């Protein structure tokens with residue numbers, strides 16, 4: 010038993026924060042199938058989808074009326090009324106109403122960051138169990154009133170008399186009535202994420218064919234995983250959908266090659282990014298169940314993997330120093346170094362496919378001598394990964410990418426892969442997760458297959 | 022829900038109208054509710070006509086022990102909750118007259134939802150022709166009487182094999198089931214008690230307390246009702262259905278505080294995965310309910326390979342394979358109980374359902390042959406054969422066909438998914454341990470193919 014053996018009611022043998030760290034175990038996960046925006050979940054809100062993902066998780070692991078230590082989730086596209094989205098989803102679920110929850114938002118890294126934050130609380134002894142998650146709907150996106158109308162409405166509310174109100178209203182102009190819809194444009198550059206990536210893709214000279222191959226593998230790997238039942242205990246159907254609606258099992262390199270570029274068209278012949286090798290807007294939700302070993306054992310629950318460590322990084326894309334989605338290129342070497350690991354020690358690479366170009370640009374940077382020396386401070390290139398270990402059960406190009414839900418999708422799937430894989434060279438199988446995010450950010454993490462500690 | 026016609030003719034104007042026009046007069050059946058009395062009035066216990074009253078006396082004493090108001094002779098004008106005919110010692114058809122004709126006038130005094138239960142011996146166990154005639158006579162008598170009763174009253178029989186007596190645990194268990202509202206849609210049927218095994222639950226409202234039960238096909242309809250009923254009776258549940266039905270399955274799991282297992286039961290390793298899940302999550306496995314089933318109806322002349330094979334694969338081949346895994350496992354708790362859902366189609370046949378009826382007939386054959394294999398470990402296996410049950414599936418039958426189908430039984434209405442679930446919950450309980458290899462029809466005594 011670890012020194013800080015802990016139960017719900019018994020006091021710690023060592024006070025919190027002073028004992029040895031406990032292990033945070035991934036018990037399992039649940040998500041709803043991801044749906045292309047405007048499809049099956051058009052009428053579903055973020056709260057509906059997050060509640061459905063939670064309820065599926067509760068059903069899978071028998072957590073009805075259970076008081077979970079804490080639930081954290083978030084959404085990137087969020088209505089102002091959803092300020093307490095996660096707590097509201099918990100209240101609508103079969104969990105105990107005494108389960109606390111908080112919202113978190115770090116763009117597309119939201120889901121992974123909830124896993125890391127909650128895992129840290131578990132390691133520290135603050136909580137024994139947690140549910141991490143994320144949800145996004147581009148179908149049910151919030152639409153705000155224009156800045157002009159918003160100011161007028163606020164002034165109207167402050168106006169005390171009828172003449173004052175009329176005076177405020179007289180400022181109203183037709184253009185103020187145009188709604189303000191969300192977009193994926195970066196606030197500081199005005200460029201969309203795809204246009205940003207198109208620049209990076211061209212900078213790293215990534216070919217159209219290489220990108221299409223990433224997309225092709227993603228669809229085929231995901232389809233094969235569904236066929237062999239890999240997702241039977243990871244996905245619960247929702248609104249008539251039992252598989253990700255973006256999945257094209259029959260896609261081919263030829264079909265992908267026929268698609269016209271949609272991003273970087275100004276680059277002319279260098280325009281390589283199509284609707285086939287870029288993720289579409291998607292709706293969906295995911296959850297991950299975390300706990301201590303003791304908490305899982307007491308309930309007869311699986312212990313798939315351990316959350317080893319995580320790292321966040323950010324790049325200065327505003328001044329063009331690095332590409333918008335290149336932060337993981339910096340986060341990964343820092344995380345590996347801190348844990349004394351190299352690419353040879355990793356058995357599964359889960360690199361989020363925002364765009365095929367993102368994955369390939371990141372890999373190219375890691376394989377680049379100069380980038381390694383000048384930007385990473387290494388003696389040479391960070392290294393080359395074995396492509397056979399990359400996104401082996403598909404990733405976002407096939408599954409779709411409901412921004413905040415992607416982290417939970419990857420963590421739950423990777424935990425299962427690590428568990429199913431068994432030991433490698435006498436050590437537990439290890440996986441690396443890399444997720445890029447808007448604002449030039451990236452969050453990466455290492456998971457390891459669960460193995461009982463020595464002496465247990 | 023009871024169908025609209027039954028609701029209409031159960032009260033006021035509708036009731037008068039149906040009576041004047043000679044229309045069927047189904048009533049809302051008496052169904053089990055926790056805390057309600059076992060029977061709606063005193064119980065009249067009558068013995069054999071040959072002076073052998075030992076069986077009746079012992080049974081009457083046992084019923085008094087349950088707190089029932091027991092009569093050994095009818096009181097004038099008193100409304101009765103049940104009549105029990107103990108005919109365990111009849112040796113000649115002549116001897117039936119005494120108890121039967123004594124009971125006859127009391128039939129007019131039965132309360133709504135009352136019960137008539139016979140307890141007799143199996144004719145197969147009689148060597149003497151006269152004894153066999155008397156025993157088999159009870160069969161014809163009971164089935165006819167069931168068709169004469171009105172106002173939701175039913176008649177069912179308990180048959181004792183050589184190893185069982187009138188107060189064996191499963192005789193009392195079956196009697197309690199037949200008397201109660203749990204058997205609302207069981208009519209004109211017999212259950213054979215094969216041994217003196219079993220024990221009555223200390224808590225009549227939680228007979229499955231502490232048991233771990235698996236229900237396949239639990240996402241909706243009868244399967245979901247079974248899960249709810251087993252949960253109500255105290256069991257901890259693993260609910261199973263195909264991954265594509267996972268959302269409905271999750272809702273059922275959360276309702277019954279169980280765990281959802283998304284699994285295609287036709288998978289080669291389905292049995293092992295079910296056992297592993299139950300053992301890891303719930304510490305063992307006591308009860309398996311094979312409910313998952315599909316229909317792919319076509320006249321045989323138009324039948325294709327896909328329709329035939331998928332029905333056989335899901336409805337019977339999967340059960341055989343899972344049972345093999347169960348029988349080969351040393352991780353089951355003692356006295357495992359298996360209950361399979363068969364169908365009256367598998368007994369009487371149904372036009373357009375050659376594949377389905379073959380699979381359901383197969384279930385019945387499988388249950389009979391598996392009973393001796395399970396007996397070695399104190400287990401039992403039985404089947405329940407539903408007749409017309411009000412489900413999403415039967416709601417899709419065209420109106421006229423459906424209306425005829427649901428009236429063509431002694432209770433003149435369709436059963437509810439919960440009625441099937443009640444029979445299954447009883448057969449899964451330790452009170453039914455002495456009943457194995459049996460097929461119990463839950464069909465309101467369907468007139469076709471009885």
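Residue numbers (this note's numbering), protein chains in the order written: chain A, 10 to 465; chain B, 22 to 471.
Glycine included, each C-beta is placed from N, C-alpha and C at the ideal position.
Note that the structure is predicted; figures quoted are calculated from it, not measured.
Taking CB atoms only, residue 325 of chain B has no neighbour in chain A less than 9 Å away. With its beta carbon at least 9 Å from every one in chain B, residue 135 of chain A lies outside the interface.
Per DSSP, residue 435 of chain B lies in no beta strand (DSSP E) and is assigned neither H nor E. In the DSSP assignment, residue 100 of chain A falls within the unbroken alpha helix (DSSP H) covering 94-100. With respect to the 9 Å criterion, residue 324 of chain A and residue 451 of chain A are classified as neighbours on the basis of their beta carbons.
For residue 272 of chain A, the secondary structure class from DSSP, reduced to helix, strand or coil, is strand.
Fully contained in the region 344-432 of chain A are the following beta strand (DSSP E) runs of length 3 or more, in chain order: 357-360. Between residue 429 of chain B and the set B:267, B:408, B:295, B:99, the nearest pair of CA atoms involves B:408.
Listed in chain order, the non-local C-beta contacts of residue 211 of chain B below 6 Å within the same chain comprise 178, 180, local neighbours out to five positions each way being set aside.
When CB distances to chain A are screened at a threshold of 9 Å, the residues of the region 269-287 of chain B falling below it are 269, 270, 271, 272, 273, 274, 275, 276, 277, 278, 279, 280, 281, 282, 283, 284, 285, in chain order. Within a 10 Å sphere around the beta-carbon of residue 267 of chain A sit fewer than 16 other beta-carbons, which makes this residue exposed. Counting along the chain, residue 34 of chain A sits inside the beta strand (DSSP E) bounded by residues 34-40. Excluding sequence positions up to five before and after residue 184 of chain B, its CB lies within less than 7 Å of the CB of 215, 216, 217, all in the same chain and listed in chain order. The C-beta of residue 242 of chain B comes no closer than 9 Å to any C-beta of chain A.
Chain A places a beta carbon closer than 9 Å to that of residue 304 of chain B, counting this residue as a contact. Less than 9 Å separates the beta-carbon of residue 203 of chain B from that of residue 447 of chain B. Under the three-pair Cβ rule at 8 Å, the region 104-119 of chain B does not count as touching the region 43-54 of chain B.
With the criterion set as a beta carbon lying under 8 Å from some beta carbon of chain B, the members of the region 61-79 of chain A are 61, 64, 65, 67, 68, 69, 70, 71, 73, 74, in sequence order. Among the residues of the region 237-263 of chain A, those with a Cβ less than 7 Å away from any Cβ of chain B are 241, 242, 245, 246, 247, 251, in the order of the chain.
Between residue 36 of chain A and residue 63 of chain A, the gap from beta carbon to beta carbon reaches 9 Å or more.
In the displayed model, residue 198 of chain B falls within a helix according to three-state DSSP. With respect to residue 314 of chain A, residue 125 of chain A sits apart: the two C-beta atoms are not nearer than 9 Å. For the region 247-266 of chain B, residues whose beta-carbon sits nearer than 7 Å to a beta-carbon of chain A comprise 264, 265. Interface annotation, residue 194 of chain A: not in contact with chain B, CB-CB separation never under 9 Å. In this structure, the CA atom of residue 330 of chain A is about 35 Å from the CA atom of residue 229 of chain A. Going by C-alpha positions, residue 255 of chain B is about 11 Å away from residue 225 of chain B. In this structure, residue 413 of chain B sits near residue 242 of chain B, with a CB-CB distance shorter than 9 Å. Taking C-beta separations shorter than 7 Å and ignoring five residues to either side along the sequence, the partners of residue 51 of chain A in its chain run 148, following chain order. Not a single C-beta of chain B is nearer than 9 Å to the C-beta of residue 409 of chain A.
Between residue 301 of chain A and the set A:47, A:142, A:131, A:441, the nearest pair of CA atoms involves A:131.
Where residue 326 of chain B is concerned, the enclosing alpha helix (DSSP H) starts and stops at 326-333.
Apart from the 5 residues on each side of it in sequence, residue 438 of chain A sits with its Cβ closer than 6 Å to the Cβ of 356, 427, 430, 458 in its chain, given in chain order.
A Cβ-Cβ separation of about 4 Å places residue 234 of chain A in contact with residue 402 of chain A under the 8 Å criterion. Separation of residue 381 of chain B and residue 218 of chain A (C-alpha to C-alpha, rounded to the nearest whole angstrom) is 55 Å. Close to chain B, meaning a Cβ-Cβ distance shorter than 8 Å, is no residue of the region 44-60 of chain A at all.
For residue 413 of chain B, the enclosing alpha helix (DSSP H) covers residues 413-416.
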